[in-house]
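Worksheet: one structure, shown below.
Number of protein chains: 2
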Amino acid sequence: METRKPYDIDSLTDIALRVFAERGYDGASMDDVARAAGITKASIYHHVSGKEALLERGLGRALDALFAILDEPAAREGSAGERLRVIIARVAETTLHLLPELTVLFRVHGASRSERNAVERRRAFDRHVTAIIAQAQRDGDLRTDLDPRLVARLIFGMSNSVVEWYRSGSLTHEAIARAIVAITFEGIRRR
Amino acid sequence: METRKPYDIDSLTDIALRVFAERGYDGASMDDVARAAGITKASIYHHVSGKEALLERGLGRALDALFAILDEPAAREGSAGERLRVIIARVAETTLHLLPELTVLFRVHGASRSERNAVERRRAFDRHVTAIIAQAQRDGDLRTDLDPRLVARLIFGMSNSVVEWYRSGSLTHEAIARAIVAITFEGIRRR
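Just so you know, the sequences run in chain order Y and R.
Per the numbering used here, the very first residue in the first sequence carries number 1; after that it's consecutive.
Per the numbering used here, the very first residue in the second sequence carries number 1001; after that it's consecutive.
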């Protein structure tokens, strides 16, 4: 008989996020999480206070990963245009790497305290990128006829869409990130 | 006392779609629809057999509007590249014009027969556009280093994202559609 490593809060969060991504957070119950984990609901409550705590951990992972991108050397050095290129590629790669986390984040609409906090942090991230776009426009590296906030929304709209259609085994994360950067940049760069 | 025009199936569908777009289809109940309409649930069932029938009508509107674009003269005449440009602009405008319908369509994942039909029709639409992209690549109007199917997904990912952030009164539909075409095309057009 196989022995399975006992669950901890991190591995339970992994399972919960896959369930939330598949069924929607509102549509998913702790029974669904317990079934996916193959343990009783009581065992889950031994590790975590409830569904929202699992959501909060998942949203935290997603947002921590996005903000970590901004601290990478390549996202902090060079011109605004170069930094933007790095950030867009890394956001796409991170979205694909943490697909359940980002899927759940992108669908959150602020129904609970955890969701509202996540929406706030996402907005702060978008404002940061919008400021970089505006700087790159002032630098003359990007076309100036497009509103920087609209550009940020549309780029992330394109990048975030991968959670809706990506299935592993099709294209590599890097190929998708490259395509996103290619379509984006050759569109917004001034020529 | 004001008299209100009695509801018919179309005006009830309008209300249901706004409720579905706001709460999510799975999270919305017929009680929510009745409350939003200000009538009893029994009155709604006088017009419609249930929640899925309202969803089906909404998805039908969204998909009929998308397919109608392909029949517009400007989407049928000219080079593949020109037709693609028209289709992308018109899809964005249609998404903004029928925001609740398209919001609900873009979130559908095939949980019921109506949803699976809608997913099938959406895929047929995407295949049509993918074929136009491939033709425009062969014509030499678009860069050829990007997979046409990936390009279609990313463009519609960008365009569909408006349902997540658009609030009326900010930018005009036309300005948003122009930005989407500008970012897209100057990215995918060969130079």
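From the three backbone atoms N, C-alpha and C, an ideal C-beta is built for every residue, glycine too.
From a predicted model like this one, the values you see are computed outputs, not experimental measurements.
8 Å Cβ cutoff, residue i in contact with chain R
{"i": "residue 1 of chain Y", "result": "Here the model assigns residue 1 of chain Y a pLDDT of 48, short of 50, so the residue's position is not dependable, and the following value carries that caveat. Chain R, which has no Cβ nearer than 8 Å to the Cβ of residue 1 of chain Y, makes this no."}
{"i": "residue 26 of chain Y", "result": "yes"}
{"i": "residue 158 of chain Y", "result": "yes"}
{"i": "residue 54 of chain Y", "result": "no"}
{"i": "residue 66 of chain Y", "result": "no"}
{"i": "residue 168 of chain Y", "result": "no"}
{"i": "residue 84 of chain Y", "result": "no"}
{"i": "residue 17 of chain Y", "result": "no"}
{"i": "residue 171 of chain Y", "result": "yes"}
{"i": "residue 134 of chain Y", "result": "no"}
{"i": "residue 6 of chain Y", "result": "no"}
{"i": "residue 89 of chain Y", "result": "no"}
Residue i - containing alpha helix (DSSP H), residue span
{"i": "residue 1122 of chain R", "result": "1113-1138"}
{"i": "residue 1108 of chain R", "result": "Counting along the chain, residue 1108 of chain R falls outside any alpha helix (DSSP H), and DSSP gives it neither H nor E."}
{"i": "residue 1163 of chain R", "result": "1162-1165"}
{"i": "residue 174 of chain Y", "result": "173-188"}
{"i": "residue 77 of chain Y", "result": "Counting along the chain, residue 77 of chain Y falls outside any alpha helix (DSSP H), and DSSP gives it neither H nor E."}
{"i": "residue 62 of chain Y", "result": "51-71"}
{"i": "residue 10 of chain Y", "result": "9-23"}
{"i": "residue 44 of chain Y", "result": "41-47"}
{"i": "residue 1034 of chain R", "result": "1030-1037"}
Rounded Cβ spacing between residue i and residue j (contact assumed at less than 8 Å)
{"i": "residue 83 of chain Y", "j": "residue 90 of chain Y", "result": "Wrong, their Cβ atoms sit about 10 Å apart, outside the cutoff."}
{"i": "residue 88 of chain Y", "j": "residue 155 of chain Y", "result": "6 Å"}
{"i": "residue 41 of chain Y", "j": "residue 31 of chain Y", "result": "6 Å"}
Within-8 Å CB hit, residue i to chain Y
{"i": "residue 1037 of chain R", "result": "no"}
{"i": "residue 1179 of chain R", "result": "yes"}
{"i": "residue 1020 of chain R", "result": "no"}
{"i": "residue 1188 of chain R", "result": "Residue confidence for residue 1188 of chain R is low, a pLDDT of 35 falling below 50, so the modelled location carries little weight and cannot support an answer."}
{"i": "residue 1182 of chain R", "result": "yes"}
{"i": "residue 1153 of chain R", "result": "yes"}
{"i": "residue 1161 of chain R", "result": "yes"}
{"i": "residue 1146 of chain R", "result": "yes"}
{"i": "residue 1014 of chain R", "result": "no"}
Check whether residue i and residue j have beta carbons under 8 Å apart
{"i": "residue 185 of chain Y", "j": "residue 125 of chain Y", "result": "no"}
{"i": "residue 1047 of chain R", "j": "residue 1015 of chain R", "result": "no"}
{"i": "residue 12 of chain Y", "j": "residue 37 of chain Y", "result": "yes"}
{"i": "residue 43 of chain Y", "j": "residue 141 of chain Y", "result": "no"}
{"i": "residue 1177 of chain R", "j": "residue 1093 of chain R", "result": "yes"}
{"i": "residue 1159 of chain R", "j": "residue 1133 of chain R", "result": "no"}
{"i": "residue 119 of chain Y", "j": "residue 108 of chain Y", "result": "yes"}
{"i": "residue 1131 of chain R", "j": "residue 1081 of chain R", "result": "no"}
{"i": "residue 1026 of chain R", "j": "residue 27 of chain Y", "result": "yes"}
{"i": "residue 202 of chain Y", "j": "residue 1024 of chain R", "result": "A query on residue 202 of chain Y cannot be resolved here, the shown segment of chain Y reaching from 1 to 191 and no further."}
{"i": "residue 110 of chain Y", "j": "residue 1157 of chain R", "result": "no"}
Residue i at chain A interface by Cβ criterion, 8 Å
{"i": "residue 150 of chain Y", "result": "No chain A appears in the structure shown, which is made up of the protein chains Y and R."}
Discussion item. Count Cβ pairs between the segment 5-25 of chain Y and the segment 53-73 of chain Y that sit closer than 8 Å; are there 3 or more?
Written reply: These segments touch.
Fill in: At least 3 beta-carbon pairs within less than 8 Å: the segment 1057-1072 of chain R vs the segment 1145-1152 of chain R
Cβ pair count under 8 Å is below three, so no.
Practice prompt. Determine contact between the segment 1162-1180 of chain R and the segment 1096-1103 of chain R, defined as no fewer than three beta-carbon pairs at a distance below 8 Å.
Written response: Counting Cβ pairs under 8 Å, three or more are found: they touch.
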